[in-house]
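Structure first, then comments.
In the working numbering, the protein residues as written are 2 to 296.
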């Protein structure tokens, strides 16, 4: 690919396939292209995964898809309307059992660059769903292995709470979804990928880096210093950028719906934290994305 056709930025985890973009999806993609920004739209269940691929095939170069089952969708759960679209603030979704053959067919398309977002979410889900989440996660690891594609991981720890409170027998043994996901993944050393929206500790980061997984960061780093040390201690060739739009809008766009064109604010902040030039970080993050997702 000639240099002039290469992007300056890549949003490796966006949800332009969500209902939040139903009125101006094409304009959002066009704005990203004007900023020389590519995007990878990520599915969360059957409908959003199917639509992510449809958008990628329709949009041509610079728009890709990831398909899979989000851990929160493995059981009936609480969601806001921006994902699937309903009246009111939120709704209870049906639980979905991971359909291996359905996702294999979707993921066999060359526009699909990874499996996910999959993993473990102990924050929003009922602790009793931990085993169901793990089963869906392991099935998606197997699919990634079969197809030779990387994983896009969603991992979120349980909130801090009173440890003396009664716990379900199906609850996870630890509050660390990162530790539990690591324990699963270390049994599949040939499978690699990225930990999206990394929000763990420096030690948790080291666990995934030791497995060869990259870490991506969102606009949250533009308004908190909570992850500065993780970024400082992560090699530049193991970092990628994302928006997780329509959520987590970066400074200076707080209060607006997030979109892929804003990923450059994340890249700028990574450069500041790392003490590197913006040009160096831009090139590194694009190169990392091409390497991990085989673009």
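For every residue, glycine included, the Cβ atom is placed at its ideal position computed from N, Cα and C.
Since this is a predicted model, take the numbers as computed values, not measurements.
Check	Outcome
Using the three-state DSSP reduction, which class does residue 215 fall into: helix, strand or coil?	strand
Is the CB-CB distance between residue 145 and residue 192 below 8 Å?	yes
Alpha carbon to alpha carbon, how far is residue 112 from residue 58? Give it in angstroms, no decimals.	7 Å
Identify whether residue 163 lies in helix, strand or coil by the three-state DSSP scheme.	Only weak support is given to the placement of residue 163: the predicted model assigns it a pLDDT of 39, under 50, and the value that follows is read from those uncertain coordinates. In the structure shown, residue 163 sits in coil (DSSP, three-state: anything other than H, G, I, E or B).
So the alpha helix (DSSP H) residue 56 belongs to, where does it begin and stop?	47 to 60
With DSSP as the reference, identify every bridge partner of residue 42, one or two as the case may be.	15, 66
Compare the C-beta of residue 55 against all C-beta atoms of chain B and say whether one is closer than 8 Å.	Among the chains of the structure shown, chain B does not appear; only one protein chain is present.
So the beta strand (DSSP E) residue 195 belongs to, where does it begin and stop?	194 to 196
Should residue 41 and residue 13 be called a contact, given that it needs their Cβ atoms to be closer than 8 Å?	yes
Beta-carbon within less than 7 Å of residue 160's beta-carbon, same chain only, minus the 5 sequence neighbours each way: which residues are those?	124
By Cβ distance, which residues of its chain are closer than 8 Å to residue 122, with the 5 residues on each side in sequence left out?	71, 72, 73, 134, 155, 156, 157, 178
Taking the beta strand (DSSP E) that residue 115 falls in, what are its first and last residues?	113 to 122
Can at least three beta-carbon pairs, one atom from the region 216 to 233 and one from the region 262 to 279, be found at a separation below 8 Å?	yes
Out of curiosity, what's the CA-to-CA distance linking residue 210 and residue 115?	18 Å
What number of angstroms, rounded off, separates the C-alpha of residue 285 from the C-alpha of residue 237?	7 Å
Tell me the DSSP secondary structure of residue 199 in three-state form.	coil
Within 10 angstroms of the Cβ of residue 151, are there 16 or more other Cβ atoms? Answer buried if so, exposed if not.	buried
Leaving out five residues before and five after residue 240 in sequence, what residues of the same chain have Cβ atoms less than 8 Å from its Cβ?	215, 216, 217, 218, 232, 271, 285, 286, 289
Can you name the start and end residues of the alpha helix (DSSP H) that residue 157 belongs to?	Element bounds for residue 157: not the alpha helix (DSSP H) but the beta strand (DSSP E), 152 to 157.
Go through its chain and collect everything with a Cβ distance to residue 87's Cβ below 7 Å, but skip five positions before and after it.	Confidence at residue 87 is low in this model, with a pLDDT of 45, below 50, so the placement of that residue should be treated as unreliable; the coordinate-derived value is given next. Contacts found: none.
Per DSSP, residue 242 is paired with what?	218
With residue 36 as the anchor, note down where its alpha helix (DSSP H) starts and where it stops.	Note, residue 36: premise wrong, no alpha helix (DSSP H); not H, not E.
Do residue 255 and residue 21 have their CB atoms nearer than 8 Å?	no
Who does residue 10 pair with in a DSSP beta bridge?	38
Out of curiosity, what's the CA-to-CA distance linking residue 31 and residue 65?	14 Å
Using three-state DSSP, classify residue 252 as helix, strand or coil.	coil
Consult DSSP for residue 261 and reduce its assignment to one of helix, strand or coil.	helix
Using a Cβ-Cβ cutoff of less than 8 Å, which residues in the same chain neighbour residue 279 once the five nearest sequence positions on both sides are dropped?	268, 269, 272
If contacts are defined as beta-carbon pairs under 8 Å, then residue 250 and residue 263 qualify, I think. What distance do you get, rounded to the angstrom?	7 Å
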